[in-house]
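The structure appears right after this line, and notes come after that.
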Amino acid sequence: AVLLLLVGSVPALAAMRGVPESGQLAFTVMRNGSSIGRHIYNFESKGSLQIVRVQTRILYVLLGIPFYRFEHDSTEVWQKGHLVSLTSTTNDDGKLIDLNLQAEGSSLSGTLNGKPLTLEKTTLPASLWNPVTAKATALADTVDGGRLEIEGKAQDGYFTLSGKLNRDLWYDEEGRLAQTRFTARDGSEIRYVRD
297 AVLLLLVGSV PALAAMRGVP ESGQLAFTVM RNGSSIGRHI YNFESKGSLQ
347 IVRVQTRILY VLLGIPFYRF EHDSTEVWQK GHLVSLTSTT NDDGKLIDLN
397 LQAEGSSLSG TLNGKPLTLE KTTLPASLWN PVTAKATALA DTVDGGRLEI
447 EGKAQDGYFT LSGKLNRDLW YDEEGRLAQT RFTARDGSEI RYVRD
């Protein structure tokens, strides 16, 4: 998604398409209209490096009992528009997942829960914050590093991703992610609504 963007100082960061001047995009996660969590992007420049940190906290409570918990933290490091590394830790309702990928030649190589994993370097992370993502043909799952073949289609005011990842994405006039919608495994509607 950010392969065409140049990385620089903090003022340059604020001018990048899709990145707010504040350096943060924050969302409320809604399930069938009720809040169940938060999803936050933090953007930072360090010299020639662009760092994107993503945090997701979801807790679905049913009849007063915690029914589903999802906790995810990921860090993307970019240099001159190229992904240098992607690391994440995830607790998917008790299933612990640790992903660590580094750029090596023409691929991204590293580990998933300590086991070797290699992806094409051109695969973009499925963090969705940049509007160019909607034009990609494949994304890397930021939880387990899996390759997600997708097809993007412009709708009336939003984009639809279909294939291995199904999402409806809205971006504002500055290209900043405004909302995400998808259907969960249990058939409920999930929306990420920007603050």
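In my numbering, the protein residues as written are 297 to 491. Backbone N, C-alpha and C fix where the C-beta goes; we use that ideal spot for every residue, glycine too.
In this structure, DSSP gives P412 an extended state, which the three-state scheme calls strand.
The region 357–366 and the region 377–385 do not touch, with fewer than three beta-carbon pairs separated by less than 8 Å. For K460, the closest alpha carbon among the candidates D452, G448 and Y454 is that of G448. When secondary structure is reduced to three states using DSSP, T479 falls in the strand class.
For Q346, the enclosing beta strand (DSSP E) stretches over residues L345 to L358. In its chain, beyond the 5 residues on either side, R313, G314 and P427 have a beta carbon closer than 6 Å to the beta carbon of G471.
Here F323 is buried. Its C-beta has 16 or more other C-beta atoms within 10 Å. The beta carbon of S405 is closer than 6 Å to those of T414 in its chain, skipping five residues each way along the sequence. Sixteen is the threshold: when 16 or more other Cβ atoms of the shown chains lie within 10 Å of the Cβ of Q346, as they do, the residue is buried. Pairing R327 with I486 gives a Cβ-Cβ distance under 7 Å. In the DSSP assignment, Q398 falls within the unbroken beta strand (DSSP E) covering K391 to E400. Non-local beta-carbon contacts of T385 in its own chain, meaning distances under 6 Å to residues more than five positions away in sequence, involve D369 and D394 in chain order.
In the three-state reduction of the DSSP assignment, V489 falls in the strand class.
Note that the C-beta distance between S402 and K417 is below 7 Å. The DSSP-derived three-state label of V373 is strand.
Spanning the alpha carbons of I446 and Y488 requires a straight line of approximately 20 Å. A direct Cα-Cα distance of roughly 30 Å separates E400 from H335.
Note on P362: under 16 other CB atoms within 10 angstroms of its CB, so exposed under the neighbour-count rule.
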